[in-house]
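K.L.:
Residue numbers (the numbering used here), protein chains in the order written: chain A, 1 to 153; chain B, 154 to 403.
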Amino acid sequence: MNPKRKKKLVLLSSMVAAVAVAVGLVLFALSENINLFYTPTQIAQGEAPVGQRIRAGGMVVEGSIKRAPDSLDVEFAVTDYEHEVVVKYSGILPDLFREGQGIVTMGSMNADGQFEASEVLAKHDENYMPPEVEAALKASGKTAYGESGAPAQ
Amino acid sequence: MWKTFVAWFHRMGSPKWFYEITGRWIPWFAAAAVLLITVGTTWGLAFAPADYQQGNSFRIIYIHVPAAILAQSIFFAMAIAGGIGLIWKMKVADMVAKSCAPIGATMTFIALFTGAVWGKPTWGAWWVWDARLTSMLILLFLYFGVIALQSAFDSKQSAARASAILSLVGVVNIPIIKYSVDWWNTLHQPATFKLTEKPAMPPEMWMPLLVMVIGFYCFFAVVLMMRTRNEILEREKRTQWVQGLLSEKG
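(1) Rounded to whole angstroms, what's the CA-CA distance from A29/A to A20/A? Just pull it up for me.
(2) Put Y38/A into one of helix, strand or coil per three-state DSSP.
(3) If we ignore side chains and look at the alpha-carbon of each, how far apart do V23/A and D73/A end up?
(4) What residues in the stretch 87–106 of chain A have a beta carbon less than 7 Å from any beta carbon of chain B?
(5) If you compare alpha carbons, which of M358/B, R314/B, M248/B, F297/B is closest to V218/B?
(6) Determine the burial state of L11/A: buried for a count of at least 16 other Cβ atoms within 10 Å of its Cβ, exposed for fewer.
(7) Which residues in the same chain have their Cβ closer than 7 Å to the Cβ of E384/B, if we skip the five residues on either side of it in sequence?
(8) Tell me, please, whether the CB atom of P151/A is closer than 7 Å to any CB atom in chain B?
(9) Have a look at the DSSP bridge pairing and note the partners of S108/A.
(10) Assuming contact is defined by CB atoms lying nearer than 7 Å, are G197/B and Y215/B in contact in what I supplied?
(11) Relative to the C-alpha of M106/A, which candidate in L27/A, K66/A, E119/A, N33/A has its C-alpha closest?
(12) CB-CB under 8 Å to I330/B, same chain, minus the five flanking residues each way: which ones, in chain order?
(13) From this set, L36/A, N127/A, V50/A, which residue's C-alpha is nearest G57/A's C-alpha?
(14) Sort A17/A, G102/A, F97/A by Cα distance to E126/A and report the nearest one.
(15) Taking 7 Å as the CB-CB limit, is V325/B close to chain A?
(16) Locate the alpha helix (DSSP H) running through A353/B, then write down its first and last residues.
(17) With a threshold of 7 Å between beta-carbons, can R53/A be considered close to chain B, or not?
(18) Could you name the residues of the same chain whose beta carbon sits closer than 7 Å to that of W394/B, not counting the 5 residues immediately before and after it, in chain order?
(19) 7 Å is my cut-off, CB to CB: does K4/A come that close to chain B?
(20) Hey, is the stretch 87–104 of chain A in contact with the stretch 177–190 of chain B, meaning 3+ C-beta pairs nearer than 8 Å?
(21) Note the first and the last residue of the continuous alpha helix (DSSP H) segment covering Y128/A.
(22) Would you tell me roughly how many angstroms separate the C-alpha atoms of V299/B and A254/B, rounded to the nearest one?
(23) For a cutoff of 7 Å on Cβ pairs, would you count Y128/A as touching chain B?
(24) Taking 7 Å as the threshold (beta carbon to beta carbon), is F37/A in contact with chain B?
(25) With DSSP collapsed to three states, give me the class of Y172/B.
(26) Nearest CA to the CA of R380/B: which residue from A185/B, Y172/B, G166/B?
(27) Run the CB neighbour count on W155/B, radius 10 Å, all protein chains shown included, and call it buried at 16 or more, exposed below.
(28) Is there contact here, the stretch 83–95 of chain A with the stretch 127–142 of chain A, by at least three beta-carbon pairs under 8 Å?
(29) At a CB distance below 8 Å, what residues from the stretch 264–291 of chain B approach chain A? Give them in sequence order.
(30) Suppose you measure from the CA of T194/B to the CA of A111/A; what does that come to, to the nearest Å?
(31) Under 7 Å Cβ-Cβ, which residues of chain B neighbour D125/A?
(32) By alpha-carbon positions, which one of A301/B, F346/B, L363/B, H341/B ends up nearest to K158/A?
(33) Is any beta-carbon of chain A found at less than 7 Å from that of N338/B?
(34) With 7 Å set as the bound, which would you pick, yes or no: does the beta-carbon of T195/B sit closer than that to a beta-carbon of chain A?
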C-alpha cells in the first residue's frame, strides 16, 4: 500500500472510531431516557416520577387478573420477580395479554402506589414453537427451552 | 492466496472486467433467488407450523427478518465499498456503493412496514418509540441521506466521496440496532437467533426462514450487479469497449 493510501486509511478509521466513541458517550449519558419502560423494581425504589406519564413493564403475575363483571375495568399485578406493581386499566386488552406474559403499559402512579394505565401493550418473547410442542412441554411440566421464568428485559 | 486476492481485487476495479464477469453471474444468482424465495415463501406460509401464542400472524417473520437482516448488511456493504472508493480511488467501488443505497432503503422500509403490520395484532400498537424501532428508522434516514448526497453534486467524484463519508459514519448505527434490545428495555423482543446458542425456535420454523434469508441475499446480489452494470455503461459510454458493445447489439 502506498503511503498516501495508508494515510487515508488511518484517517478514515480514526474518523469512524471517533464517531463511535462520541455516539457511545451520548447513548451512555441518555441510557435512562432510551429505556422504553420502568421495571417494578425501579418504581419500588422511587426512580420513576410520581404523577407523570411513564411506561411500566414486566410480567403479568399468575392469578392476579381481576375483571369487573359489569365493565371493562381490569386490575392485575406486574412483576420483575423482585417487586410487584398493581396496574388498573379500563379498556380492551391486546390478544397476547395473559398471565405470565410480558407487557408494557403507559400511565402514571397514583398516591396509593398503584399504576393507573391508559394503554396496555403486550410484549412477546423471542421463543416460537408450534402449539403441539407447547402442549407437550406443559404436560411434562417443563417450560420452553429450559428457561424457567426469566424476567423480561 | 493473498496475491490471488490482490490480483482479483485489482481486476474487479476494471469496469470492463466487472461488466463481463457479472454478466455471466447474474443468471445463476437470479435463478437461485427465484428458487429460494419461491420455496421459502411456500414453505413458510403454508407448511411451517403456526406459533403457540401468535398463531398464523407470526408468519410475517418470513419477510420481516430477511428484510431487516438485508437492510443492515447492505448498509455495511455500502460503507465498505465507499471506503475502498475513498482510499484506493476505485471507480467501480464508488458505483457499487451508489447502487447499494436504494436497495438498502427499500429493505429498511419493508422491515419497518412489516414490523408495524405485525406489531398491531401482537403488541397492540403500530409504532412504539423504543430503541430498536427508532434506530431502524434512523437507518432509513441515513439511506435517504446517502441517496440525496449522491445526486447533490455535479461531479461524480465529490458525490461518491461525500456519500462514502456519511455511510462510514452511519455504520456506527448498525451495532446499535443489533444490540438495542439487549442494552435497553424495549418492546421489541431480543434476538431469536444467536451465534453462540441454539435458536429459540424449532427447525421446522427456522429452516424456511434460513432459505428466505439466503434467497434475499441472492436477490440483492442480482439487483446490485444489474444497477452497477447500468452505472458502468452510463459512465463509460465514451470508451471504446462500450461503443463496441453498442454497435454489436445494433
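Note that beta-carbon positions come from the ideal geometry of N, C-alpha and C, so glycine has one too.
P.N.:
A quick look at the data gives this:
(1) The sequence position of residue 29/A within the first sequence is 29, counting from 1. The sequence position of residue 20/A within the first sequence is 20, counting from 1. About 14 Å.
(2) Position 38 of the first sequence, counted from the first residue, corresponds to residue 38/A. In the structure shown, Y38/A sits in a strand (DSSP, three-state: E or B).
(3) As a first step, residue 23/A is located in the first sequence; it is residue number 23 there, counting from the start. As a first step, residue 73/A is located in the first sequence; it is residue number 73 there, counting from the start. Whole-angstrom Cα-Cα distance: 44 Å.
(4) P94, D95, L96, V104
(5) Translated into positions along the second sequence, residue 218/B becomes position 65. Residue M358/B is the option with its Cα nearest to V218/B.
(6) By 1-based counting over the first sequence, the position of residue 11/A is 11. Classification of L11/A: exposed, given that the 10 Å Cβ count is below 16.
(7) Here residue 384/B is taken as the residue at index 231 of the second sequence, counted from 1. The answer, listed in chain order, is M248, K251, S252.
(8) As a position in the first sequence, residue 151/A is number 151, starting the count at 1. For P151/A, the predicted model reports a pLDDT of 41, less than 50, meaning its position is unreliable and no value from the coordinates is stated.
(9) Position 108 of the first sequence, counted from the first residue, corresponds to residue 108/A. Per DSSP, E116/A.
(10) If you number the second sequence from 1, residue 197/B lands on position 44. If you number the second sequence from 1, residue 215/B lands on position 62. Yes, Cβ-Cβ distance for G197/B and Y215/B is below 7 Å.
(11) As a working note, residue 106/A is residue 106 in the first sequence. Here the closest residue by C-alpha is E119/A.
(12) Within the second sequence, numbered from 1, the residue matching residue 330/B stands at position 177. Once the five neighbours on either side are set aside, the close Cβ partners of I330/B are Q225, R285, S288, M289, L292.
(13) Taking the first sequence and counting its residues from 1, one reaches residue 57/A at position 57. With distances taken between Cα atoms, G57/A lies closest to L36/A.
(14) Here residue 126/A is taken as the residue at index 126 of the first sequence, counted from 1. Distances from the alpha-carbon of E126/A to those of A17/A, G102/A, F97/A put G102/A closest.
(15) Here residue 325/B refers to the residue found at position 172 when the second sequence is read from its first residue. With 7 Å as the cut-off, V325/B counts as an interface residue toward chain A.
(16) Sequence index remark: in the second sequence, residue 353/B carries index 200 (1-based). Element bounds for A353/B: n/a, residue is neither H nor E.
(17) By 1-based counting over the first sequence, the position of residue 53/A is 53. Closer than 7 Å: no.
(18) By 1-based counting over the second sequence, the position of residue 394/B is 241. The answer, listed in chain order, is K169.
(19) Taking the first residue of the first sequence as position 1, residue 4/A is located at position 4. Output row for K4/A: interface = no.
(20) no
(21) To locate residue 128/A, count along the first sequence from 1; it is residue 128. No alpha helix (DSSP H) holds Y128/A; DSSP gives it neither H nor E.
(22) Taking the first residue of the second sequence as position 1, residue 299/B is located at position 146. Taking the first residue of the second sequence as position 1, residue 254/B is located at position 101. In a straight line, the C-alpha of V299/B is about 7 Å away from that of A254/B.
(23) In the first sequence, residue 128/A corresponds to position 128, counting from 1. The beta carbon of Y128/A falls within 7 Å of a beta carbon belonging to chain B, placing the residue at that interface.
(24) Taking the first residue of the first sequence as position 1, residue 37/A is located at position 37. Chain B, which has a Cβ nearer than 7 Å to the Cβ of F37/A, makes this yes.
(25) Taking the second sequence and counting its residues from 1, one reaches residue 172/B at position 19. Y172/B: helix per DSSP, three-state reduction.
(26) Within the second sequence, numbered from 1, the residue matching residue 380/B stands at position 227. Ranking A185/B, Y172/B, G166/B by Cα distance to R380/B puts Y172/B first.
(27) Residue 155/B sits at position 2 when you count from the first residue of the second sequence. Around the beta carbon of W155/B, fewer than 16 other beta carbons lie within 10 angstroms, which makes this residue exposed.
(28) no
(29) P274, T275, W276, G277, A278, V281, W282, D283, A284
(30) Looking up residue 194/B in the second sequence gives position 41. Looking up residue 111/A in the first sequence gives position 111. If I take the Cα positions, the gap works out to 53 Å.
(31) Taking the first residue of the first sequence as position 1, residue 125/A is located at position 125. Going along chain B in sequence order, the residues near D125/A (Cβ under 7 Å) are Q342.
(32) The question about residue 158/A has no answer, for chain A in this structure spans 1 to 153.
(33) Taking the first residue of the second sequence as 1, we reach residue 338/B at position 185. Yes, because at least one Cβ of chain A sits closer than 7 Å to the Cβ of N338/B.
(34) The residue you call residue 195/B lines up with position 42 of the second sequence. Interface residue (Cβ-Cβ distance to chain A less than 7 Å): T195/B is not classified as such.
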